[in-house]
Amino acid sequence: MRRLPAIVAALGFVLMPLAAPFPAAAAPTVPSAPEEALPWSTLTTPGRGVQLLYRGGLSASGTVADSSGHDLDGTIETGGGGSVTSVAGRFLRFPGGSCPVAPCPQAIVRPSRGDTLVPGDGIFSFGADVRLTEPPSTVAGMNVFQFGAAGTGLQQWKLQVDSGRPSCRWSDGTAVVLLPADLALVPGTWYRVRCTRLSASVFETRVVHPTTGRPVAPPARQTTTMGPIVPTGAPVIAGKRVNAAQSDVDTDQFHGDLDNVYFWRA
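Positions -26 to -1, 1 to 240 (mature numbering (1 follows the signal peptide of the UniProt record, and there is no 0)) are the ones given, in order, by the sequence shown.
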């Protein structure tokens, strides 16, 4: 066995160490796709524009830890028997299944403030690692991360996985970009979804393999003239709200696991 390295070298191969596994199976990759404008390391390295970064841990009971360095810990709100748990400190688990009739298990996370999550007219990016734990509802939305609301004159940025299909939305109150990925999420599989305003007029939705960073669907881009995005209200993760009288159709409750929830701006 001690001669194995010499034999391998003679055959022209190189032995590479095995990479550490991701928490669960990840999606296959697309053979080729346009280069990403913003590397993952840029989007998630504290001190380099990262304003919020939730990596699956809790700083206290009922509080999600922010790793960005900006003290944007998130408060967990629940109802109907719902919960948010930190699974081995590696990712956040939200209620599974779906609920068409109230009362429903509900759970969301509210960052402590939103002033640093207002992008204005600058380049910015937001997203999360997403894993559905069961087949998604075809009639209810599933919000992942948003600031602001949809509607005439309202400004917003948002990541959602309605019916299991990732899409990103941006609006300055007049112009709207809704950019879906050409991909249906497979339950039990992790995906990294990123929503990015690349310039004043270029927007991108990108879904990549969470360990290799390679695209699992062709990146979707759209060019639209849009002004500053200045959302009002408060940012929220995994749904619109907690309301005992409402079902998933009204609350857009996310069902599954989230990790590496982030917001970055230039």
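We put the beta carbon where it would ideally sit given N, CA and C, even for glycine.
In this text the structure is predicted, and so the values were computed from the model without any measurement.
Check Leu12 in the structure and name its three-state DSSP category. For this step, residue 12 is matched to residue 38 along the sequence shown. Of the three classes helix, strand and coil, the one that applies to Leu12 here is coil, per DSSP.
Going by other Cβ atoms of all chains shown within 10 Å of its Cβ, with 16 needed for buried, is Arg168 buried or exposed? What you label residue 168 is simply residue 194 of the sequence shown in a count that begins at 1. Buried, because 16 or more other Cβ atoms sit within 10 Å of the Cβ of Arg168.
Determine contact between the segment 51 to 66 and the segment 184 to 192, defined as no fewer than three beta-carbon pairs at a distance below 8 Å. no
Suppose contacts are defined by Cβ-Cβ distances below 8 Å. Is Ile50 in contact with Val83 by that definition? Residue mapping note: residue 50 aligns to position 76 of the sequence shown, counting from 1. Residue mapping note: residue 83 aligns to position 109 of the sequence shown, counting from 1. In this structure, Val83 lies closer than 8 Å to Ile50 by Cβ.
So who's on the other strand from Cys169, going by DSSP bridges? One-based indexing of the sequence shown puts residue 169 at position 195. According to DSSP, which records beta bridges pairwise, Cys169 is partnered with Phe100, Thr179.
The beta strand (DSSP E) with Thr49 in it runs from where to where? One-based indexing of the sequence shown puts residue 49 at position 75. That run of the beta strand (DSSP E) goes 48 to 53.
Quick test of the definition: if touching needs 3 or more C-beta pairs under 8 Å, does the segment 174 to 182 touch the segment 133 to 142? yes
Spatial neighbours of Gly71 within its chain, please: C-beta separation below 7 Å, excluding the five flanking residues on both sides. Here residue 71 is taken as the residue at index 97 of the sequence shown, counted from 1. Only Glu108, His229 meet the Cβ criterion.
Within this structure, are the beta carbons of Gly36 and Ser60 separated by less than 8 Å? Stepping through the sequence shown from its first residue, residue 36 is reached at position 62. Stepping through the sequence shown from its first residue, residue 60 is reached at position 86. Contact flag unset, no.
State the DSSP-derived secondary structure class of Thr59, mapped to helix, strand or coil. Sequence index remark: in the sequence shown, residue 59 carries index 85 (1-based). Note: Thr59 maps to strand in three-state DSSP.
May I have the straight-line CA-CA distance separating Pro236 from Thr170, to the nearest angstrom? Taking the sequence shown and counting its residues from 1, the one referred to as residue 236 is at position 262. Taking the sequence shown and counting its residues from 1, the one referred to as residue 170 is at position 196. The sequence given here has Tyr at residue 236, not Pro. For Tyr236 and Thr170, the distance between alpha carbons rounds to 12 Å.
According to DSSP, Leu133 sits in a beta bridge with which residue or residues? Here residue 133 refers to the residue found at position 159 of the sequence shown. Phe119, Cys142.
Test item: CB-CB of Ala81 and Val58 under 8 Å: Counted from its first residue, the sequence shown places residue 81 at position 107. Counted from its first residue, the sequence shown places residue 58 at position 84. Cβ distance < 8 Å, so Ala81 and Val58 count as in contact.
Can you tell me whether DSSP reads Asp45 as helix, strand or coil? Within the sequence shown, residue 45 is the residue found at index 71, counting from 1. Correct three-state label for Asp45: coil.
Going by the CB atoms, is the gap between Pro85 and Ile203 shorter than 8 Å? Counting from one through the sequence shown, the residue named residue 203 turns up at place 229. Counting from one through the sequence shown, the residue named residue 85 turns up at place 111. Not closer than 8 Å, so no.
From Ala155 to Gly101, what distance separates their C-alpha atoms? By one-based count along the sequence shown, residue 155 stands at place 181. By one-based count along the sequence shown, residue 101 stands at place 127. If I take the Cα positions, the gap works out to 13 Å.
Kindly indicate which residue of Pro110, Gln129, Leu27 has the alpha-carbon position closest to the one of Pro74. One-based indexing of the sequence shown puts residue 74 at position 100. The candidate whose alpha carbon is nearest that of Pro74 is Pro110.
On a CA-only basis, which of Pro79, Thr199, Asp45 is nearest Gly21? Give me that one, please. Within the sequence shown, residue 21 is the residue found at index 47, counting from 1. Measuring from the Cα of Gly21, the nearest candidate turns out to be Asp45.
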